[in-house]
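Student: Chains A and B supply the protein sequences, listed in that same order.
The opening position of the first sequence corresponds to residue 442 in the working numbering, with each subsequent residue numbered one higher.
The opening position of the second sequence corresponds to residue 442 in the working numbering, with each subsequent residue numbered one higher.
There are 2 protein chains.
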Amino acid sequence: MSQPDTKQRILDAAEELFARNGFYATSLRQITQLAEVNLAAVNYHFGSKEELLEAVILRHLGPLNDKRRQGLEHELQLAQQEERRPRPRQIMNALVEPTLQLRAPGSDHLAFVTLVGRLLADTQGVGHEIFVRQMVPMLMQFYQALVEALPEVDPSLLYWRLHFTVGSLSHMMRCHDRHGVVPPGIDPEIEIEALINMLLDFTVAGMEVVP
Amino acid sequence: MSQPDTKQRILDAAEELFARNGFYATSLRQITQLAEVNLAAVNYHFGSKEELLEAVILRHLGPLNDKRRQGLEHELQLAQQEERRPRPRQIMNALVEPTLQLRAPGSDHLAFVTLVGRLLADTQGVGHEIFVRQMVPMLMQFYQALVEALPEVDPSLLYWRLHFTVGSLSHMMRCHDRHGVVPPGIDPEIEIEALINMLLDFTVAGMEVVP
DNA sequence: GTATAATTTAAACGATCGTTTTAACCATTT
DNA sequence: AAATGGTTAAAACGATCGTTTAAATTATAC
């Protein structure tokens, strides 16, 4: 009767349901039903519903932020070697690309990216602080890189523009399956690479504009 | 014992609590406590919790969308008279400015703007469809205006860029009181006019860029 | 094989929830 | 004043919830 992957199944089910419905509208009974485990297993393995959410968040967030940092550091090193400033587009790409790749077809992380998008939006919610605590040091690094890349733009402008970028990015993290009414001639299904490029064009242009 | 403004008090309390905590994490008992009315009054006046949310959404949304449309129509008329294309910045301003003015000091609509930001993010939530149903026709108008304003940019790009803008805007609607860690020298308190201008600079630059 | 630890399980607990019920109270109409 | 309609109120309902409990089962160590 012992199942070697009980914890993983709970985590997978929780990730999916928290992403789809949010923390408060997902019950442990829904999770354990989907995972085909017993209700008390959640408390045994994770302690509480909140701790389960924390485990769900942390399981992928570390690797995602590592990828982002790698991309950033790669550009910073390159810029140093070539004795130039880091390029804004490469900086923004390091933030955007690994994130949106999480929603690529074949990715196992589609639910996770939705969940992250939700957590960013739910400013008073249970997972928000956990998530932000992980995000903030990384965003500071991006901010510093942008200040270096764009000395002609006031640093406080760059702070707010990074905020706007996070808003656009989180919106794209959530909205992969609901498009509302689409104008004639527009295909709501789009390749991830194309979406990434469009978002980069948009945000980099916004970053670089001198008022 | 009869109170002439029971409905308004319920609506005000609901607006505040739904905005702060979201629909699912707000109970009717919290709302009626804050409003100092009896629990059954909600069902008597509004029918159900969901219908209360709908009433909360609709009470301000009509006027907000009217303002947005007015701003847009004004620019379209002006452009027609002057025999020129509409200006992208004026179009975006019509979308952004009335929205963010809702969070200006002295505004009674701070909770509402937060609630709208939440609803946009909660793609499976109760209020989302109600809200989107009101938004979509208006966004189509903005989209058409942008297509007219920027003939050198592919219309499908403009569709996605409008999406990105909605993402940034809704992020700013939610995040008025939580800034996370702020870099040294940056003041997280900012005047609404300044914020509006910054967001416009950012989004208009992103709209206009030709790939 | 026995003892110990880990895991699973069903039932129960106490709490909270949205909704309903019904009587009392208040306001308006005749 | 009585009849009618509108509103408030407390209690109750049935449901759901996260958490706990204690026994049974399985896994591991000796």
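For every residue, glycine included, the Cβ atom is placed at its ideal position computed from N, Cα and C.
Fair warning: this is a prediction, and the values are worked out from it, not measured in the lab.
Tell me whether R526/B is buried or exposed, calling it buried when 16 or more other Cβ atoms sit within 10 Å of its Cβ.
Tutor: Taking the second sequence and counting its residues from 1, one reaches residue 526/B at position 85. Classification for R526/B: exposed.
Student: Taking all protein chains shown into account, do 16 or more other C-beta atoms lie within 10 angstroms of the C-beta of G647/B, making it buried, or fewer, making it exposed?
Tutor: Translated into the one-based positions of the second sequence, residue 647/B becomes position 206. It is buried - the Cβ of G647/B has at least 16 other Cβ atoms within 10 Å.
Student: Between A496/A and L536/A, what straight-line distance do the alpha-carbon atoms span, to the nearest angstrom?
Tutor: The residue labelled residue 496/A in the question sits at position 55 within the first sequence. The residue labelled residue 536/A in the question sits at position 95 within the first sequence. Cα-Cα distance, rounded: 23 Å.
Student: Does G463/A come within less than 9 Å of chain B when only Cβ atoms are used?
Tutor: Translated into the one-based positions of the first sequence, residue 463/A becomes position 22. Chain B, which has a Cβ nearer than 9 Å to the Cβ of G463/A, makes this yes.
Student: Mind listing the chain A neighbours of L633/B? Cutoff is C-beta to C-beta under 7 Å, in chain order.
Tutor: Within the second sequence, the letter at position 192 stands for residue 633/B. Here residue 633/B is Ile; the residue named in the question, Leu, does not match the sequence. In chain order: nothing, as chain A lies at least about 13 Å away.
Student: If the criterion is Cβ atoms closer than 9 Å, does the pair M729/A and H604/B meet it?
Tutor: In this structure chain A extends from 442 to 652, so residue 729/A is not present and cannot be described.
Student: Quick check on DSSP: helix, strand or coil for P546/A?
Tutor: The residue you call residue 546/A lines up with position 105 of the first sequence. Looking at P546/A - three-state DSSP - the assignment turns out to be coil, as it is neither helix nor strand.
Student: Out of E456/B, R450/B, I631/B, E649/B, state which residue places its alpha-carbon closest to the alpha-carbon of L541/B.
Tutor: Along the second sequence, read from residue 1 onward, the residue named residue 541/B stands at position 100. Here the closest residue by C-alpha is I631/B.
Student: Does T540/B have its Cβ less than 9 Å from a Cβ in chain A?
Tutor: Your numbering for residue 540/B matches position 99 in the second sequence. It does not: the Cβ of T540/B has no partner Cβ on chain A nearer than 9 Å.
Student: Assuming A460/B contacts L556/B (C-beta within less than 8 Å), just tell me the rounded distance between them.
Tutor: The sequence position of residue 460/B within the second sequence is 19, counting from 1. The sequence position of residue 556/B within the second sequence is 115, counting from 1. The Cβ separation is near 4 Å, so the contact holds.
Student: According to DSSP, is N534/A part of a helix, a strand, or is it coil?
Tutor: Taking the first sequence and counting its residues from 1, the one referred to as residue 534/A is at position 93. Residue state, collapsed to three classes: helix.
Student: Kindly indicate if chain A contains any beta-carbon less than 9 Å away from that of I627/B.
Tutor: The residue labelled residue 627/B in the question sits at position 186 within the second sequence. Closer than 9 Å to some Cβ of chain A, the Cβ of I627/B qualifies, so yes.
Student: Please check if any C-beta of chain B sits within less than 9 Å of the C-beta of F605/A.
Tutor: Against the first sequence, residue 605/A aligns to sequence position 164. Yes, F605/A counts as interfacial toward chain B.
Student: Which chain A residues sit within Cβ distance under 8 Å of S597/B?
Tutor: Against the second sequence, residue 597/B aligns to sequence position 156. Residues of chain A passing the Cβ test: G626, I627, D628.
Student: Helix, strand or coil for I633/A, going by three-state DSSP, please let me know.
Tutor: In the first sequence, counting from the first residue as 1, residue 633/A sits at position 192. If DSSP states are grouped into helix, strand and coil, I633/A belongs with the helices.
Student: In chain B, what lies closer than 7 Å to Y600/A by C-beta?
Tutor: Numbered from 1 along the first sequence, position 159 holds the residue referred to as residue 600/A. Here the neighbours are P624, I627.
Student: Check V623/B in the structure and name its three-state DSSP category.
Tutor: Within the second sequence, residue 623/B is the residue found at index 182, counting from 1. Three-state result, V623/B: coil.
Student: Would you verify that the beta carbon of E649/A is, or is not, closer than 9 Å to some beta carbon of chain B?
Tutor: The residue given as residue 649/A occupies position 208 in the first sequence. Output row for E649/A: interface = yes.
Student: Count the C-beta pairs between the stretch 566-583 of chain B and the stretch 496-514 of chain B that are closer than 8 Å, then say yes if the count reaches three, no if not.
Tutor: Enough Cβ pairs lie closer than 8 Å, so yes.
Student: Looking at C-alpha atoms only, which residue of V567/A, A586/A, N534/A is the closest neighbour of L465/A?
Tutor: Here the question's residue 465/A lines up with position 24 in the first sequence. One detail in the question is off: residue 465/A reads as Tyr in this sequence, not Leu. Closest by alpha carbon: V567/A.
Student: Answer with yes or no whether the minimum CB distance from G608/A to chain B is below 9 Å.
Tutor: If you number the first sequence from 1, residue 608/A lands on position 167. Yes, G608/A lies at the interface with chain B (some Cβ there is under 9 Å from its Cβ).
Student: Since Q575/A and N506/A should fall inside the 8 Å C-beta cutoff, what is the C-beta to C-beta distance between them, to a whole number of angstroms?
Tutor: Position 134 of the first sequence, counted from the start, is the residue given in the question as residue 575/A. Position 65 of the first sequence, counted from the start, is the residue given in the question as residue 506/A. That belief holds up - the Cβ atoms of Q575/A and N506/A are roughly 6 Å apart, short of 8 Å.
Student: Does DSSP classify V497/A as helix, strand or coil?
Tutor: Taking the first residue of the first sequence as position 1, residue 497/A is located at position 56. Here V497/A sits in helix by DSSP.
Student: Under a CB-based cut-off of 9 Å, is M510/A close to chain B?
Tutor: By 1-based counting over the first sequence, the position of residue 510/A is 69. The displayed chain sequence assigns Arg, not Met, to residue 510/A. Not closer than 9 Å to any Cβ of chain B, the Cβ of R510/A fails to qualify, so no.
Student: Can you list, in chain order, the residues of its chain whose CB lies under 7 Å from that of V651/A, leaving out five sequence neighbours each side?
Tutor: Here residue 651/A refers to the residue found at position 210 when the first sequence is read from its first residue. Same-chain partners within the cutoff: E593, V594.
Student: Terminal residues of the continuous alpha helix (DSSP H) containing G566/A?
Tutor: By one-based count along the first sequence, residue 566/A stands at place 125. Where G566/A is concerned, there is no enclosing alpha helix (DSSP H), given that its DSSP letter is neither H nor E.
Student: For chain A, find out if any of its Cβ atoms is closer than 9 Å to the Cβ of L561/B; answer yes or no.
Tutor: The residue you call residue 561/B lines up with position 120 of the second sequence. Yes, L561/B lies at the interface with chain A (some Cβ there is under 9 Å from its Cβ).
Student: Tell me, to the nearest whole angstrom, how far the beta carbon of A552/A is from that of E456/A; I am working on the premise that it is less than 8 Å.
Tutor: The residue given as residue 552/A occupies position 111 in the first sequence. The residue given as residue 456/A occupies position 15 in the first sequence. 5 Å between Cβ atoms; contact.
Student: Show which residues of chain B have a CB atom less than 9 Å away from the CB atom of L502/A.
Tutor: Counted from its first residue, the first sequence places residue 502/A at position 61. Residues of chain B passing the Cβ test: none, with the nearest at roughly 15 Å.
Student: Is it right to say Q531/A is buried, meaning 16 or more other beta carbons lie within 10 angstroms of its own, or is it exposed?
Tutor: In the first sequence, residue 531/A corresponds to position 90, counting from 1. Buried.
Student: Judging by CA-CA distance, which residue of D453/B, Q474/B, F487/B is the nearest neighbour of H550/B?
Tutor: Taking the first residue of the second sequence as 1, we reach residue 550/B at position 109. It is D453/B.
Student: Shorter than 9 Å from the beta carbon of P529/B to some beta carbon of chain A?
Tutor: Numbered from 1 along the second sequence, position 88 holds the residue referred to as residue 529/B. Taking Cβ atoms only, chain A never reaches closer than 9 Å to P529/B, which makes this a no.
Student: Checking 9 Å against the spacing of the C-beta atoms, do S597/B and I571/A come in under that value?
Tutor: As a working note, residue 597/B is residue 156 in the second sequence. As a working note, residue 571/A is residue 130 in the first sequence. Result no, Cβ atoms of S597/B and I571/A do not sit closer than 9 Å.
Student: Pick helix, strand or coil for F643/B, following the three-state DSSP scheme.
Tutor: Translated into positions along the second sequence, residue 643/B becomes position 202. F643/B: helix per DSSP, three-state reduction.
Student: What would DSSP say about Y600/A, mapped onto helix, strand or coil?
Tutor: Here residue 600/A corresponds to residue number 159 of the first sequence, with the count starting at 1. In this structure, Y600/A counts as helix in the three-state DSSP scheme.
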